[in-house]
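Q: Please read through the structure below; I'll follow up with questions.
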């Protein structure tokens, strides 16, 4: 099984190549230059691994939530490559990829959604994989859905907001606010799904958006203490 994974939902850009459980990865802080950096990173990785696009079994991508532009770039590049090479695709939730990479079995994953809000979900690992405890949602830190019991670990930039750690309190054993979604975790999650024949046609690749509105009006910015 050979597949590639793309992740561009934050200011980082990452790609990964999965070959029968062996991972090769690239990750760089690119700011807003995903469209310029993604394909060169991918081409470089495949060239060094001596793997051609047509030899792959599928393409996975971080489908969001995250930066609207970044998520669209990953989706669009995935579709273009998949159409050209006639490959199936899989979108993987960025919050689930954070849980996968954390190394913990009970995880609250959160990303900064801007505008004073967070993208958040909670997952628990079982023998059959990850079970969703809180579906991906858009919320404010002090209104975040609560999880039952203790022993949860927080991961993702959303935990840089102090109110989120306070919201979960003793339910958390700790958190890592520096964690970012990465292509390596997306590849690990996608590999068994591709192996089970769950890859989809490239035309069905779609971003996961949790917010329709991406900018505040002047009045809304002023109401939140901003400037016109």
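Residue numbers (the working numbering): 527 to 754.
From the three backbone atoms N, C-alpha and C, an ideal C-beta is built for every residue, glycine too.
(1) Go through its chain and collect everything with a Cβ distance to residue 571's Cβ below 7 Å, but skip five positions before and after it.
(2) Drop a sphere of 10 angstroms on the beta-carbon of residue 605, count the other beta-carbons inside from all chains shown, and report buried for 16 or more, exposed for fewer.
(3) At the level of alpha carbons, what is the spacing between residue 563 and residue 673?
(4) Please determine, among 569, 719 and 622, the residue with the shortest C-alpha to C-alpha distance to residue 656.
(5) In terms of residues, what are the limits of the alpha helix (DSSP H) holding residue 681?
(6) Whole angstroms are fine: how far does the CA of residue 642 sit from the CA of residue 747?
(7) Hey, could you find the ends of the beta strand (DSSP E) residue 706 is sitting in?
(8) What are the boundary residues of the beta strand (DSSP E) that residue 688 is part of?
(9) Is DSSP giving residue 597 helix, strand or coil here?
(10) Got a sec, what are the start and stop residues for the alpha helix (DSSP H) residue 626 sits in?
(11) Exposed or buried, what is residue 632 when buried is set at 16 or more other beta-carbons lying within 10 Å of its beta-carbon?
(12) Applying the criterion that 16 or more other CB atoms from any shown protein chain within 10 Å of the CB defines a buried residue, is residue 695 buried or exposed?
(13) Per DSSP, residue 533 is paired with what?
(14) Residues in its own chain within less than 6 Å of residue 750 by CB, not counting five upstream and five downstream?
(15) Answer with buried or exposed for residue 718, where buried requires no fewer than 16 other C-beta atoms within 10 angstroms of its C-beta.
(16) Quick test of the definition: if touching needs 3 or more C-beta pairs under 8 Å, does the segment 693-711 touch the segment 723-734?
(17) Quick one: what's residue 652 bridged to in DSSP?
(18) Below 9 Å between beta carbons: does that hold for residue 690 and residue 670?
(19) Kindly list the residues whose CB is nearer than 6 Å to the CB of residue 539, restricted to its own chain and excluding five residues on each side of it in sequence; keep chain order.
(20) Grouping DSSP H, G and I as helix and E and B as strand, with all else coil, what is residue 637?
(21) For residue 585, tell me which candidate among 654, 611 and 640 has the shortest Cα-Cα distance.
(22) In terms of residues, what are the limits of the alpha helix (DSSP H) holding residue 573?
(23) Consult DSSP for residue 480 and reduce its assignment to one of helix, strand or coil.
A: According to the structure shown:
(1) Position 45 of the chain shown, counted from the first residue, corresponds to residue 571. If we look at residue 571 and ignore the five residues flanking it on each side, its Cβ neighbours are 541, 543, 550 and 552.
(2) Counted from its first residue, the chain shown places residue 605 at position 79. The residue in question, residue 605, is buried, as its Cβ has 16 or more Cβ neighbours within 10 Å.
(3) Walking along the chain shown from the start, residue 563 turns up at place 37. Walking along the chain shown from the start, residue 673 turns up at place 147. When the Cα atoms are used, residue 563 and residue 673 turn out to be separated by approximately 38 Å.
(4) Translated into positions along the chain shown, residue 656 becomes position 130. For residue 656, the closest of 569, 719 and 622 by C-alpha to C-alpha distance is 622.
(5) Residue mapping note: residue 681 aligns to position 155 of the chain shown, counting from 1. Boundaries for residue 681: no alpha helix (DSSP H) harbours it, while the beta strand (DSSP E) harbouring it runs 678-681, taken from the DSSP string.
(6) Position 221 of the chain shown, counted from the start, is the residue given in the question as residue 747. Position 116 of the chain shown, counted from the start, is the residue given in the question as residue 642. Since pLDDT at residue 747 reaches only 40, below the 50 mark, its modelled position is unreliable, and no value is offered.
(7) As a first step, residue 706 must be located in the chain shown, where it is residue number 180. Per DSSP, residue 706 belongs to no beta strand (DSSP E) and is neither H nor E.
(8) As a position in the chain shown, residue 688 is number 162, starting the count at 1. In the DSSP assignment, residue 688 falls outside any beta strand (DSSP E) and lies within the alpha helix (DSSP H) extending over 688-694.
(9) By 1-based counting over the chain shown, the position of residue 597 is 71. Helix at residue 597.
(10) By one-based count along the chain shown, residue 626 stands at place 100. For residue 626, the uninterrupted alpha helix (DSSP H) run begins and ends at 620-628, by DSSP.
(11) Within the chain shown, residue 632 is the residue found at index 106, counting from 1. Under this definition residue 632 is a buried residue.
(12) By one-based count along the chain shown, residue 695 stands at place 169. Exposed: under 16 other Cβ atoms inside 10 Å.
(13) As a working mapping, residue 533 is identified with position 7 in the chain shown. Note: residue 533 sits in a beta bridge opposite 540.
(14) In the chain shown, counting from the first residue as 1, residue 750 sits at position 224. Confidence is the limiting factor: at residue 750 the pLDDT is only 43, short of 50, which leaves the residue's position unreliable and the question unanswerable from this model.
(15) Your numbering for residue 718 matches position 192 in the chain shown. Answer is exposed; the Cβ neighbour count stays below 16.
(16) No, the segment 693-711 does not touch the segment 723-734.
(17) Translated into the one-based positions of the chain shown, residue 652 becomes position 126. Residue 652 is bridged to 655.
(18) Numbered from 1 along the chain shown, position 164 holds the residue referred to as residue 690. Numbered from 1 along the chain shown, position 144 holds the residue referred to as residue 670. Yes, these two residues count as a Cβ contact at 9 Å.
(19) Numbered from its first residue, the chain shown carries residue 539 at position 13. These residues qualify, in order along the chain: 554, 556, 560, 563 and 564.
(20) Position 111 of the chain shown, counting from 1, holds the residue named residue 637. DSSP, read as helix, strand or coil, puts residue 637 in strand.
(21) The residue you call residue 585 lines up with position 59 of the chain shown. Checking every option, the nearest Cα to that of residue 585 belongs to 611.
(22) Stepping through the chain shown from its first residue, residue 573 is reached at position 47. 560-575 is the extent of the alpha helix (DSSP H) around residue 573.
(23) This structure gives no information on residue 480, because the portion of the chain shown stretches from 527 to 754.
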